[in-house]
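I have placed the structure first, in the form of structure tokens, so that the comments after it can refer back to it.
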């Protein structure tokens with residue numbers, strides 16, 4: 048019985064991954080004029096040229112708002128008909144966007160929830176506070192936790208630090 052349930056959910060998850068029409072792009076950059084990329088994760092399929100084009104547009108079209116973005120408050124931007132939610136935390140900008148498919152399923156409220164979950168994970172990992180130095184020193188751990196929070200095909204699994212921590216600990 049349990050084996051049948053396991054196979055059903057495994058098949059269902061694979062089905063969702065194959066037919067996922069949207070995906071997330073998570074980006075952490077510095078909030079200075081340079082906008083140096085510290086971390087970029089893409090969950091789903093995206094061609095490198097499309098990624099590069101979207102990334103250039105994202106940084107260019109949101110740069111004017113970086114200085115005025117309020118610490119720990121989400122801002123919303125529309126880049127190439129895509130919704131982008133970002134926040135300034137510790138001198139870093141955290142971006143989350145749904146970059147392909149039907150963005151109606153990923154409105155700014157949903158993206159803000161995903162962003163807040165990832166920020167919570169980041170705050171819990173960066174014990175000395177969120178800063179460029181702290182993020183860089185915990186980069187591998189952040190990547191593992193983000194990858195546990197959002198599946199490779201763009202399905203949000205968990206956004207609470209405790210749940211993601213359990214998933215990472217179980218996979219180590």
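Residue numbers (our numbering): 48 to 219. C-beta atoms are modelled at their ideal positions from N, C-alpha and C, and glycine is treated no differently.
Under a three-way DSSP split, which group does residue 172 fall into? Residue 172 sits at position 125 when you count from the first residue of the chain shown. In this structure, DSSP gives residue 172 a helical state, which the three-state scheme calls helix.
Span separating the alpha-carbon of residue 111 from that of residue 170: Residue 111 sits at position 64 when you count from the first residue of the chain shown. Residue 170 sits at position 123 when you count from the first residue of the chain shown. Cα to Cα, the separation comes out at about 26 Å.
Of all the options 178, 126, 175, 122, which has the alpha carbon lying nearest to the alpha carbon of residue 156? Translated into the one-based positions of the chain shown, residue 156 becomes position 109. Comparing alpha-carbon positions, the option among 178, 126, 175, 122 lying closest to residue 156 turns out to be 122.
Going by DSSP in three states, residue 129 sits in which element: helix, strand or coil? By one-based count along the chain shown, residue 129 stands at place 82. Reduced to three states, the DSSP call for residue 129 is strand.
Would you say residue 82 and residue 106 are within 7 Å of each other, going by their C-beta atoms? Taking the chain shown and counting its residues from 1, one reaches residue 82 at position 35. Taking the chain shown and counting its residues from 1, one reaches residue 106 at position 59. Contact: yes.
Where does residue 99 land, buried or exposed, given buried means 16+ other C-beta within 10 angstroms? If you number the chain shown from 1, residue 99 lands on position 52. Classification for residue 99: exposed.
Quick one: is residue 192 buried, meaning 16 or more other Cβ sit within 10 Å of its Cβ, or exposed? Taking the chain shown and counting its residues from 1, the one referred to as residue 192 is at position 145. Residue 192 should be labelled buried.
If I follow the unbroken alpha helix (DSSP H) through residue 196, where does it start and stop? Sequence index remark: in the chain shown, residue 196 carries index 149 (1-based). Counting along the chain, the alpha helix (DSSP H) containing residue 196 begins and ends at 186-196.
Just tell me which of 133, 140, 108 has its CA closest to the CA of residue 127. Along the chain shown, one-based indexing puts residue 127 at 80. Out of 133, 140, 108, the CA that lies nearest to the CA of residue 127 is found in 108.
By the 10 Å Cβ neighbour count, where 16 or more other Cβ atoms means buried, how is residue 91 classified, buried or exposed? Residue mapping note: residue 91 aligns to position 44 of the chain shown, counting from 1. It counts as buried.
Measuring alpha carbon to alpha carbon, tell me which of 183, 190, 163, 177 ends up nearest residue 207. Numbered from its first residue, the chain shown carries residue 207 at position 160. Checking every option, the nearest Cα to that of residue 207 belongs to 163.
Over the uninterrupted beta strand (DSSP E) stretch that includes residue 87, give me the two end residues. Residue mapping note: residue 87 aligns to position 40 of the chain shown, counting from 1. Start and end: 84-90.
Answer yes or no: do residue 143 and residue 132 have a C-beta to C-beta separation smaller than 7 Å? Along the chain shown, read from residue 1 onward, the residue named residue 143 stands at position 96. Along the chain shown, read from residue 1 onward, the residue named residue 132 stands at position 85. Yes. Within cutoff.
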